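S.K.: For the sequence shown, the numbering used here gives the first residue as 1, with consecutive numbering after it.
Glycine included, every Cβ here is placed at the ideal spot set by N, Cα and C.
Quick caveat, the model's predicted, so the values are computed rather than measured.
Quick one: this structure, given as C-alpha coordinates, is what I'll be asking you about.
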Amino acid sequence: MAHVGALPRIHRYITAHNEEGKAIFSDKFDEESKMKPNDDGIAFALSYTTKGLPVSMDNDEDLDVYGRYLKDTPGLVVSGGTVLRHVDIPPETECTMHRTVSLDYGCVLEGEVELLLDSGEKRIMKRGDVAIQRGTMHQWINHSKTEWTRMLFVLQESTPLKVAGQTFGEELAGMAGVRSSD
(Lines of atoms letter the chains of each structure in order from A and count residues from 1; the text may use other names and numbers.)
(Lines give C-alpha, C1' and ligand atoms only; values in the text may rest on other atoms or scores of the structure.)
Protein backbone atom coordinates (compact mmCIF):
# COMPACT_ATOMS: atom_id res chain seq x y z
CA MET A 1 0.00 0.00 0.00
CA ALA A 2 1.66 3.22 -1.15
CA HIS A 3 2.11 6.00 1.36
CA VAL A 4 4.11 8.47 -0.70
CA GLY A 5 1.76 11.17 -1.92
CA ALA A 6 -1.25 9.76 -0.04
CA LEU A 7 -1.10 12.74 2.33
CA PRO A 8 0.79 16.02 2.06
CA ARG A 9 4.36 16.24 3.34
CA ILE A 10 4.70 17.61 6.85
CA HIS A 11 6.74 20.77 7.24
CA ARG A 12 7.80 21.69 10.72
CA TYR A 13 9.31 25.12 11.38
CA ILE A 14 11.47 25.45 14.48
CA THR A 15 12.29 28.93 15.67
CA ALA A 16 15.51 30.06 17.36
CA HIS A 17 17.46 33.26 18.01
CA ASN A 18 20.41 34.87 16.28
CA GLU A 19 23.38 36.49 18.07
CA GLU A 20 21.41 39.74 18.46
CA GLY A 21 18.49 37.94 20.14
CA LYS A 22 16.20 38.30 17.11
CA ALA A 23 13.84 35.47 16.23
CA ILE A 24 14.92 33.34 13.27
CA PHE A 25 14.05 29.94 11.83
CA SER A 26 16.50 27.26 12.93
CA ASP A 27 18.42 25.49 10.17
CA LYS A 28 19.62 22.71 12.49
CA PHE A 29 17.10 20.19 11.09
CA ASP A 30 15.42 19.59 7.77
CA GLU A 31 12.05 21.37 7.78
CA GLU A 32 10.31 18.24 6.48
CA SER A 33 9.21 15.85 9.21
CA LYS A 34 9.81 12.41 7.66
CA MET A 35 7.16 9.68 7.94
CA LYS A 36 8.56 6.20 8.67
CA PRO A 37 6.16 3.30 7.97
CA ASN A 38 6.07 0.28 10.28
CA ASP A 39 5.33 -3.31 9.21
CA ASP A 40 1.57 -2.74 9.67
CA GLY A 41 1.65 0.28 7.29
CA ILE A 42 1.06 2.85 10.04
CA ALA A 43 3.67 5.60 9.65
CA PHE A 44 5.17 7.77 12.38
CA ALA A 45 7.10 11.05 12.31
CA LEU A 46 8.91 12.23 15.41
CA SER A 47 8.22 15.93 14.89
CA TYR A 48 9.73 17.12 18.19
CA THR A 49 10.67 15.92 21.67
CA THR A 50 11.75 17.52 24.91
CA LYS A 51 13.28 16.20 28.11
CA GLY A 52 12.85 17.83 31.51
CA LEU A 53 10.26 20.25 32.84
CA PRO A 54 10.48 23.13 32.54
CA VAL A 55 12.20 22.82 29.17
CA SER A 56 15.53 24.62 28.86
CA MET A 57 16.06 26.38 25.54
CA ASP A 58 19.29 28.09 26.64
CA ASN A 59 22.10 27.47 24.14
CA ASP A 60 19.61 25.40 22.09
CA GLU A 61 19.68 22.58 24.67
CA ASP A 62 16.20 21.43 23.57
CA LEU A 63 17.37 21.20 19.95
CA ASP A 64 20.26 18.97 21.05
CA VAL A 65 17.81 16.72 22.95
CA TYR A 66 15.61 16.44 19.86
CA GLY A 67 18.63 15.66 17.68
CA ARG A 68 19.60 12.79 19.97
CA TYR A 69 16.08 11.34 19.80
CA LEU A 70 16.09 11.56 16.00
CA LYS A 71 19.15 9.29 16.03
CA ASP A 72 17.81 6.95 18.74
CA THR A 73 14.00 7.01 18.47
CA PRO A 74 12.24 6.89 21.84
CA GLY A 75 9.28 4.73 22.78
CA LEU A 76 5.86 6.34 22.50
CA VAL A 77 6.56 8.42 25.63
CA VAL A 78 9.73 10.21 26.79
CA SER A 79 10.32 9.94 30.53
CA GLY A 80 10.22 13.44 31.99
CA GLY A 81 9.52 15.06 28.64
CA THR A 82 7.08 15.54 25.80
CA VAL A 83 6.66 14.03 22.35
CA LEU A 84 5.10 15.63 19.27
CA ARG A 85 4.32 12.92 16.74
CA HIS A 86 2.43 12.71 13.45
CA VAL A 87 0.81 9.35 12.70
CA ASP A 88 -0.61 8.26 9.33
CA ILE A 89 -3.04 5.33 9.34
CA PRO A 90 -3.70 3.59 6.01
CA PRO A 91 -7.20 2.72 4.80
CA GLU A 92 -8.72 -0.38 6.43
CA THR A 93 -6.04 -0.48 9.15
CA GLU A 94 -6.13 -0.63 12.92
CA CYS A 95 -3.39 -0.40 15.48
CA THR A 96 -3.09 -2.79 18.39
CA MET A 97 -5.15 -2.08 21.53
CA HIS A 98 -2.64 -0.34 23.82
CA ARG A 99 -2.01 1.89 26.84
CA THR A 100 0.76 4.37 27.58
CA VAL A 101 1.69 5.91 30.91
CA SER A 102 0.97 9.39 29.64
CA LEU A 103 -1.54 12.13 29.09
CA ASP A 104 -2.03 12.39 25.31
CA TYR A 105 -3.75 14.88 23.06
CA GLY A 106 -4.65 13.31 19.72
CA CYS A 107 -6.06 15.54 16.98
CA VAL A 108 -7.34 14.36 13.59
CA LEU A 109 -5.75 16.46 10.85
CA GLU A 110 -6.96 14.50 7.79
CA GLY A 111 -9.62 11.84 7.26
CA GLU A 112 -11.49 10.18 10.08
CA VAL A 113 -10.76 7.46 12.59
CA GLU A 114 -12.59 5.39 15.19
CA LEU A 115 -11.33 5.58 18.75
CA LEU A 116 -12.25 2.27 20.41
CA LEU A 117 -11.85 1.79 24.18
CA ASP A 118 -11.43 -1.60 25.87
CA SER A 119 -14.92 -1.17 27.41
CA GLY A 120 -16.36 -1.31 23.88
CA GLU A 121 -17.24 2.39 23.84
CA LYS A 122 -16.20 4.19 20.68
CA ARG A 123 -16.29 7.53 18.92
CA ILE A 124 -15.82 8.43 15.28
CA MET A 125 -13.39 11.32 15.13
CA LYS A 126 -13.33 13.66 12.14
CA ARG A 127 -10.95 16.37 11.00
CA GLY A 128 -10.37 18.85 13.84
CA ASP A 129 -11.63 16.53 16.60
CA VAL A 130 -9.36 15.89 19.57
CA ALA A 131 -9.16 13.05 22.10
CA ILE A 132 -7.62 13.51 25.51
CA GLN A 133 -6.22 10.08 26.26
CA ARG A 134 -5.74 9.60 30.02
CA GLY A 135 -3.92 6.30 30.41
CA THR A 136 -6.78 4.24 28.92
CA MET A 137 -6.58 1.10 26.79
CA HIS A 138 -7.50 2.19 23.29
CA GLN A 139 -7.21 1.46 19.60
CA TRP A 140 -7.27 3.62 16.47
CA ILE A 141 -9.17 2.19 13.47
CA ASN A 142 -9.37 3.66 9.97
CA HIS A 143 -12.48 2.08 8.41
CA SER A 144 -12.22 3.94 5.08
CA LYS A 145 -11.57 1.77 2.05
CA THR A 146 -9.65 4.54 0.25
CA GLU A 147 -8.71 7.47 2.53
CA TRP A 148 -5.73 7.77 4.86
CA THR A 149 -6.03 9.32 8.32
CA ARG A 150 -3.41 11.69 9.72
CA MET A 151 -3.27 12.47 13.41
CA LEU A 152 -1.11 14.77 15.50
CA PHE A 153 -0.26 13.62 19.02
CA VAL A 154 1.30 15.43 21.95
CA LEU A 155 2.28 13.01 24.73
CA GLN A 156 3.41 13.90 28.24
CA GLU A 157 4.54 11.31 30.75
CA SER A 158 2.20 10.72 33.70
CA THR A 159 2.43 8.78 36.90
CA PRO A 160 1.10 5.21 36.58
CA LEU A 161 -2.68 5.30 36.73
CA LYS A 162 -4.38 3.80 39.81
CA VAL A 163 -8.04 2.78 39.53
CA ALA A 164 -9.95 0.71 42.10
CA GLY A 165 -6.73 -0.38 43.83
CA GLN A 166 -5.08 -1.54 40.59
CA THR A 167 -2.06 0.19 39.01
CA PHE A 168 -1.89 0.27 35.22
CA GLY A 169 1.41 0.41 33.33
CA GLU A 170 2.36 0.61 29.69
CA GLU A 171 0.78 -2.11 27.51
CA LEU A 172 1.89 -2.08 23.88
CA ALA A 173 0.93 -5.66 22.91
CA GLY A 174 3.68 -5.88 20.30
CA MET A 175 2.79 -2.72 18.34
CA ALA A 176 4.67 -2.81 15.04
CA GLY A 177 7.85 -0.75 15.09
CA VAL A 178 7.25 0.63 18.61
CA ARG A 179 9.57 -0.02 21.50
CA SER A 180 8.78 0.36 25.20
CA SER A 181 9.16 3.82 26.68
CA ASP A 182 12.25 4.63 28.76
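Identify whether L63 lies in helix, strand or coil by the three-state DSSP scheme.
M.R.: Residue numbering aside, residue 63 sits at position 63 when the sequence shown is read from its first letter. Looking at L63 - three-state DSSP - the assignment turns out to be helix.
S.K.: Please classify I89 as buried or exposed, where buried requires at least 16 other C-beta atoms within 10 Å of its C-beta.
M.R.: Looking up residue 89 in the sequence shown gives position 89. Buried, since its Cβ has 16 or more Cβ neighbours within 10 Å.
S.K.: DSSP on Y13, reduced to helix/strand/coil?
M.R.: Translated into the one-based positions of the sequence shown, residue 13 becomes position 13. Of the three classes helix, strand and coil, the one that applies to Y13 here is coil, per DSSP.
S.K.: Are the CB atoms of V83 and E170 nearer to each other than 7 Å?
M.R.: Along the sequence shown, read from residue 1 onward, the residue named residue 83 stands at position 83. Along the sequence shown, read from residue 1 onward, the residue named residue 170 stands at position 170. Not a contact, by the Cβ cut-off of 7 Å.
S.K.: Straight-line CA distance for K162 to V113?
M.R.: Start at 1 with the first residue of the sequence shown, and residue 162 comes out as number 162. Start at 1 with the first residue of the sequence shown, and residue 113 comes out as number 113. Rounded to whole angstroms, K162 to V113 spans 28 Å at the Cα level.
S.K.: In terms of DSSP beta bridges, what is W140 paired with?
M.R.: Mapped onto the sequence shown, residue 140 falls at position 140. According to DSSP, which records beta bridges pairwise, W140 is partnered with L115.
S.K.: Run through DSSP, which three-state label would L155 get?
M.R.: For this step, residue 155 is matched to residue 155 along the sequence shown. Strand at L155.
S.K.: Of the residues N38, A43, G41, N59, which one's Cα is nearest the Cα of H17?
M.R.: For the purposes of this step, residue 17 is taken as the residue at position 17 of the sequence shown. The closest CA to that of H17, considering only N38, A43, G41, N59, is found on N59.
S.K.: Tell me where the beta strand (DSSP E) around I89 begins and ends.
M.R.: Residue 89 sits at position 89 when you count from the first residue of the sequence shown. Where I89 is concerned, the enclosing beta strand (DSSP E) stretches over 81-89.
S.K.: Pick from D39, P160, D129: whose alpha carbon is nearest that of R150?
M.R.: Walking along the sequence shown from the start, residue 150 turns up at place 150. Ranked by Cα distance from R150, the first of D39, P160, D129 is D129.
S.K.: Pull up the distance between the alpha-carbon of I14 and that of P160, whole angstroms please.
M.R.: As a first step, residue 14 is located in the sequence shown; it is residue number 14 there, counting from the start. As a first step, residue 160 is located in the sequence shown; it is residue number 160 there, counting from the start. Between I14 and P160, the C-alpha separation is close to 32 Å.
S.K.: Which residues does DSSP list as the beta-bridge partners of S56?
M.R.: Translated into the one-based positions of the sequence shown, residue 56 becomes position 56. DSSP, once it has assigned bridges, lists no residue as partnering S56.
S.K.: Can you give me the Cβ contacts of H11 inside the same chain, cut-off strictly under 8 Å, excluding the 5 residues immediately before and after it?
M.R.: Within the sequence shown, numbered from 1, the residue matching residue 11 stands at position 11. Within the same chain, H11 has close Cβ partners E31, E32, S33.
S.K.: Can E157 and S79 be called in contact, C-beta distance under 7 Å?
M.R.: Numbered from 1 along the sequence shown, position 157 holds the residue referred to as residue 157. Numbered from 1 along the sequence shown, position 79 holds the residue referred to as residue 79. It is a contact, given that the beta carbons lie within the stated cut-off.
S.K.: What residue range does the beta strand (DSSP E) around I132 cover?
M.R.: On the sequence shown, residue 132 is found 132 positions in, with the first residue counted as 1. Here the beta strand (DSSP E) through I132 covers 130-134.
S.K.: For I141 and L116, what's the separation of their Cα atoms in angstroms?
M.R.: Within the sequence shown, the letter at position 141 stands for residue 141. Within the sequence shown, the letter at position 116 stands for residue 116. C-alpha separation (whole angstroms): 8 Å.
S.K.: Please report the straight-line C-alpha distance between L70 and M57, rounded to a whole angstrom.
M.R.: Position 70 of the sequence shown, counting from 1, holds the residue named residue 70. Position 57 of the sequence shown, counting from 1, holds the residue named residue 57. Roughly 18 Å separates the two Cα atoms.
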